Amino acid sequence: MTTAEVYAEFGRREARGVSPTYERLSHAVADDDALLALLDALPPAKRQPNLLFSVVRWLGGPVDDRAAFHDFTVTHWPAVKAELLTRATQTNESGRCAVLLPVLAALPQPLALLEVGASAGLCLYPDRYAYRYGKHQVGSGEPVLECAASGLVPPTRVPQVVWRAGLDLNPLDGTDPGDVSWLDALIWPEHAHRRARLRAAAAVAAADPPLLVRGDLVDDLPALAARAPADATLVVFHTSVLYQVPPPRREEFVRLVRELPGHWIANEAPEVLRHDGLPDPPDDAMHNVLALDGRPLAWARGHGQAMTWFG
Numbered sequence: 651m652t653t654a655e656v657y658a659e660f661g662r663r664e665a666r667g668v669s670p671t672y673e674r675l676s677h678a679v680a681d682d683d684a685l686l687a688l689l690d691a692l693p694p695a696k697r698q699p700n701l702l703f704s705v706v707r708w709l710g711g712p713v714d715d716r717a718a719f720h721d722f723t724v725t726h727w728p729a730v731k732a733e734l735l736t737r738a739t740q741t742n743e744s745g746r747c748a749v750l751l752p753v754l755a756a757l758p759q760p761l762a763l764l765e766v767g768a769s770a771g772l773c774l775y776p777d778r779y780a781y782r783y784g785k786h787q788v789g790s791g792e793p794v795l796e797c798a799a800s801g802l803v804p805p806t807r808v809p810q811v812v813w814r815a816g817l818d819l820n821p822l823d824g825t826d827p828g829d830v831s832w833l834d835a836l837i838w839p840e841h842a843h844r845r846a847r848l849r850a851a852a853a854v855a856a857a858d859p860p861l862l863v864r865g866d867l868v869d870d871l872p873a874l875a876a877r878a879p880a881d882a883t884l885v886v887f888h889t890s891v892l893y894q895v896p897p898p899r900r901e902e903f904v905r906l907v908r909e910l911p912g913h914w915i916a917n918e919a920p921e922v923l924r925h926d927g928l929p930d931p932p933d934d935a936m937h938n939v940l941a942l943d944g945r946p947l948a949w950a951r952g953h954g955q956a957m958t959w960f961g
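Take 651 as the starting number for the sequence shown in this note's numbering and just add one per residue.
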């Protein structure tokens, strides 16, 4: 797709019904020849709508007015460009644990969790959070993660986690104000509940910091996986990560993770990690496919807010 088409698609499928601000802004950028020309001079991975919007917000720019956004971005393009080239969309949304929980709770306990693309590691604490699937609540911690689940018998317990580690090209520190401010900028403007969730999840991680390793998802995964305790079930998982990985490298990762002991949970867009015979998604919004060991299980929204289990 062209950059204009990427922004229009983001507004139509990801932001619509979730963030009116980003829906309007995505379509505005899609029609803005000056901004598109600036973006097209960047590597494709650095043209992402959420990355651009987050960088502008992090720099103090406006996102709620089309003209003001254009003027700020063009005027401050050297600073915006520098941040785009340096940063990545490391959305560390703990709400995604609500999608992972049904799978994690059903695996042989205890678990050794290893997240690929872990950011600050906030998704490594599924045992510390509480969950609400409709009227059904699991766990007793904070934050409480809400998920509209269809076709799912909710789990009755949180998993037992005895080891947790994350692998990331640029791991973030949940106790560092600068890193937390970037995570905050990645949250969409209207989502005050996600900001509160970020602070609560960061407090959980700060009280018991995970093992976070700077490294590559192919080159460094085996060594980190080998550090997991042998008497626990190793679970390698990732959510909305592989779209940032070139396809040949993505295929190497899939081959590698299939060879590791334990289990592999993927939560990725269907065009990024393909599966045969998927049912139609519940609507035309953007959905990930939740899969265990390569077997698709459910459609899941990107922030963990909803999931539709396959029958």
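Built from N, CA and C at the ideal position, the CB exists for glycine as well. Since the model is a prediction, treat every value here as computed from it, not as a measurement.
Item to check | L884, enclosing beta strand (DSSP E) - first and last residue | outcome: Element bounds for L884: 883 to 889.
Next on the checklist: Need the endpoints of the alpha helix (DSSP H) that V705 sits in, please.
Outcome noted: Counting along the chain, V705 sits inside the alpha helix (DSSP H) bounded by residues 699 to 708.
Next on the checklist: Beta-carbon within less than 6 Å of E918's beta-carbon, same chain only, minus the 5 sequence neighbours each way: which residues are those?
Outcome noted: So the list reads L892, N938, once near-sequence residues are dropped.
Item to check | Cα-Cα separation, V830 to S704 | outcome: Near 13 Å, if we compare the C-alpha coordinates of S704 and V830.
Next on the checklist: When you compare the CB positions of L822 and G745, do they come within less than 8 Å of one another, or not?
Outcome noted: Going by C-beta atoms, L822 is not nearer than 8 Å to G745.
Item to check | Own chain partners of L689 with C-beta closer than 6 Å, once the 5 adjacent residues on each side are dropped | outcome: Excluding sequence neighbours, L689 sits near T653, R697.
Checklist entry - Is there contact here, the region 860 to 873 with the region 666 to 682, by at least three beta-carbon pairs under 8 Å? => result Contact check between the region 860 to 873 and the region 666 to 682: fewer than three CB pairs, one atom from each, fall below 8 Å, which does not count as touching.
Next on the checklist: Can you tell me where the alpha helix (DSSP H) holding T958 begins and where it ends?
Outcome noted: That residue, T958, is in no alpha helix (DSSP H); its beta strand (DSSP E) goes 956 to 959.
Next on the checklist: So, does the region 754 to 764 touch the region 797 to 809, judging by three or more C-beta pairs under 8 Å?
Outcome noted: Yes, the region 754 to 764 is in contact with the region 797 to 809.
Checklist entry - CB L817 to CB V766, shorter than 8 Å? => result Yes, the pair counts as a contact, with Cβ atoms nearer than the cut-off.
Checklist entry - For the region 701 to 786, which segments carrying the alpha helix (DSSP H) assignment without a break, of at least 4 residues, lie completely within its bounds, in sequence order? => result Entirely contained in the region 701 to 786, the alpha helix (DSSP H) runs reaching 4 residues are, in chain order, 716 to 725, 727 to 736, 747 to 756.
Next on the checklist: In whole angstroms, give me the CA-to-CA distance for A842 and G952.
Outcome noted: Taking the straight line joining both Cα atoms gives about 17 Å.
Next on the checklist: Is the separation between the beta-carbon of R782 and that of V854 shorter than 8 Å?
Outcome noted: No. Outside cutoff.
Checklist entry - When the Cα atoms are used, what is the spatial distance from L884 to F719? => result One C-alpha to the other measures close to 45 Å.
Next on the checklist: Rounding to the nearest angstrom, what Cα-Cα distance links Q878 and G791 in this structure?
Outcome noted: Looking at the sequence itself, residue 878 is Ala, so the reference to Gln does not match. Looking at the two C-alpha atoms, the distance is approximately 25 Å.
Item to check | Beta-carbon proximity of A770 to G824, cut-off 8 Å | outcome: For A770 and G824, yes; Cβs fall inside 8 Å.
Next on the checklist: Measuring straight from C-alpha to C-alpha, what distance separates R662 and T958?
Outcome noted: Taking the straight line from one Cα to the other gives about 20 Å.
Checklist entry - So, C797 versus V749, is the Cβ gap smaller than 8 Å? => result Yes, Cβ-Cβ distance for C797 and V749 is below 8 Å.
Item to check | Length of the line joining the Cα atoms of H913 and Q759 | outcome: If I take the Cα positions, the gap works out to 12 Å.
Next on the checklist: Residues in the same chain with beta-carbon distance under 7 Å from P712, minus the five sequence neighbours each way, listed in chain order, please.
Outcome noted: Correct list, in chain order: A718, F719, F722.
Checklist entry - Residue ranges of each alpha helix (DSSP H) run of no fewer than 4 residues wholly in the region 844 to 902, ordered along the chain? => result Here the runs fully enclosed are 871 to 875.
Next on the checklist: Does A916 come out as helix, strand or coil in the three-state DSSP assignment?
Outcome noted: Assigned with DSSP and collapsed to three states, A916 falls in strand.
Next on the checklist: Can you tell me where the alpha helix (DSSP H) holding W838 begins and where it ends?
Outcome noted: No alpha helix (DSSP H) contains W838, which DSSP labels as neither H nor E.
Next on the checklist: Suppose contacts are defined by Cβ-Cβ distances below 8 Å. Is P805 in contact with T671 by that definition?
Outcome noted: In this structure, T671 does not lie closer than 8 Å to P805 by Cβ.
Item to check | Three-way DSSP call (helix, strand, coil) for S676 in this model | outcome: DSSP places S676 in helix when its eight states are reduced to three.
Checklist entry - For G791, which beta-bridge partners are listed by DSSP? => result Answer is none; G791 lacks a bridge partner.
Checklist entry - With a Cβ-Cβ cutoff of 8 Å, do H726 and L709 count as a contact? => result Yes; because the gap between Cβ atoms is below 8 Å, this pair is in contact.
Next on the checklist: Helix, strand or coil, according to DSSP, for G816 in the structure here?
Outcome noted: In the three-state reduction of the DSSP assignment, G816 falls in the strand class.
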